[in-house]
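Colleague:
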Amino acid sequence: MTPAAVVWDIGNVLIGWQPERFYDERIGDAARRALFAAVDLHAMHARIDAGAPFRDTVEATAAERPDWAAEIRLWHDRWEDLAGPALPRSVRLLQALLARGVRCFALSNFASDPFARSLAVHPFLGRFDRLFLSGPMGVTKPDPAIYARLEAETGIAPAALLFTDDRAENVAAAAARGWQTHLFDGADGWAARLVAAGLLTEQETA
1 MTPAAVVWDI GNVLIGWQPE RFYDERIGDA ARRALFAAVD LHAMHARIDA
51 GAPFRDTVEA TAAERPDWAA EIRLWHDRWE DLAGPALPRS VRLLQALLAR
101 GVRCFALSNF ASDPFARSLA VHPFLGRFDR LFLSGPMGVT KPDPAIYARL
151 EAETGIAPAA LLFTDDRAEN VAAAAARGWQ THLFDGADGW AARLVAAGLL
201 TEQETA
């Protein structure tokens, strides 16, 4: 079945999401390793993705670990550097689909405040036909409920959705609902999948 819509993850698909790399560049590899061993920053961010207030959650974590407070606050204060840069070929693929009139939705673990800040830097994030973001929705991938919400609110049958994400568990959850899926491991493979699905030509993916 030719997909009726393409569903995109954002982090590591359209913009970079490598917090460890960000911290390596700012405090060095050894200090970053010590920080991430001492403070579960990914768990902190999971709470934000689920709807916890961005600044308050970071500040509460910094207050719990005053020895790392300055570094923890970078998660909020330097968000635009932490979440990025844009992945140019992926962005071109999104634009090519939209130019073709293919409906494109974002389905991402992303809270409202961080997304607004990322949107200001990456305006292409505002071009989706619809955003399905975990923070406003109050549910995160790979919970089946977030996929069910997208199905219900778009009215598109699961088999007519083509979804890409860089995390295998998120892809598996979509596949379990009957979605067409692609585990994103680079724009080349994603471009080939879009061609195979009949959504773009090879020339359009160049």
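Read left to right, the sequence shown gives residues 1 to 206 (the working numbering). For each residue, glycine too, the CB sits at the ideal point set by N, CA and C.
#1: What residues match up with L107 in a beta bridge as DSSP calls it?
#2: Name, in chain order, the residues that DSSP records as bridge partners for V6.
#3: Just checking my contact of L161 with P3 at CB under 8 Å: how many whole Å lie between their CB atoms?
#4: Between which residues of its own chain and T57 is the CB-CB distance below 7 Å, once the five residues before and five after are set aside?
#5: Are A106 and L133 touching if we call contact CB-CB under 9 Å?
#6: Would you mind sorting G11 into buried or exposed? The rule is 16 or more other CB atoms within 10 Å of its CB.
#7: In terms of residues, what are the limits of the beta strand (DSSP E) holding L87?
#8: Nearest to D165 by alpha carbon, out of H122, R103, G138 and R193?
#9: Taking W17 as the reference, give the member of E59, A86 and G51 with the closest Cα.
#10: Count the other CB atoms within 10 Å of the CB of H76; is the residue buried (16 or more) or exposed (fewer)?
#11: Have a look at T140, V91 and A70 and flag the residue whose alpha-carbon is nearest the alpha-carbon of R127.
#12: For T201, count neighbouring C-beta atoms within 10 Å of its own C-beta (all shown protein chains included) and say buried if the count is 16 or more, exposed if not.
#13: Which residues bound the beta strand (DSSP E) around H182?
#14: Going by DSSP, name the residue or residues bridged to G11.
#15: Using the Cβ count rule (16 or more neighbours within 10 Å means buried), how would you classify D67?
#16: Report all residues from its chain with a CB closer than 7 Å to the CB of D24; omit the five preceding and five following residues, and keep chain order.
#17: Let me know the beta strand (DSSP E) ranges lying completely inside the stretch 55 to 86, each 3 residues or longer, listed in chain order.
Modeller: Once the coordinates are examined:
#1: L107 is bridged by DSSP to F132.
#2: Paired residue(s): C104 and L162.
#3: The C-beta distance from L161 to P3 rounds to 6 Å, short enough to fall under 8 Å.
#4: The residues are M44, R47 and I48.
#5: Remark: C-beta atoms of A106 and L133 approach each other more closely than 9 Å.
#6: With 16 or more other Cβ atoms within 10 Å, it is buried.
#7: It is not in any beta strand (DSSP E) - L87 carries neither H nor E in the DSSP assignment.
#8: Here the closest residue by C-alpha is R193.
#9: Per the C-alpha coordinates, the member of E59, A86 and G51 positioned closest to W17 is A86.
#10: Classification of H76: buried, given that the 10 Å Cβ count is 16 or more.
#11: A check of alpha carbon separations from R127 across T140, V91 and A70 identifies V91 as the nearest.
#12: Exposed is the call here.
#13: Segment Q180 to L183, the beta strand (DSSP E) holding H182.
#14: Looking at the DSSP output, G11 sits in a beta bridge with I15.
#15: Exposed is the call here.
#16: Cβ within range, chain order: R32.
#17: Complete beta strand (DSSP E) runs here, min 3: none at all.
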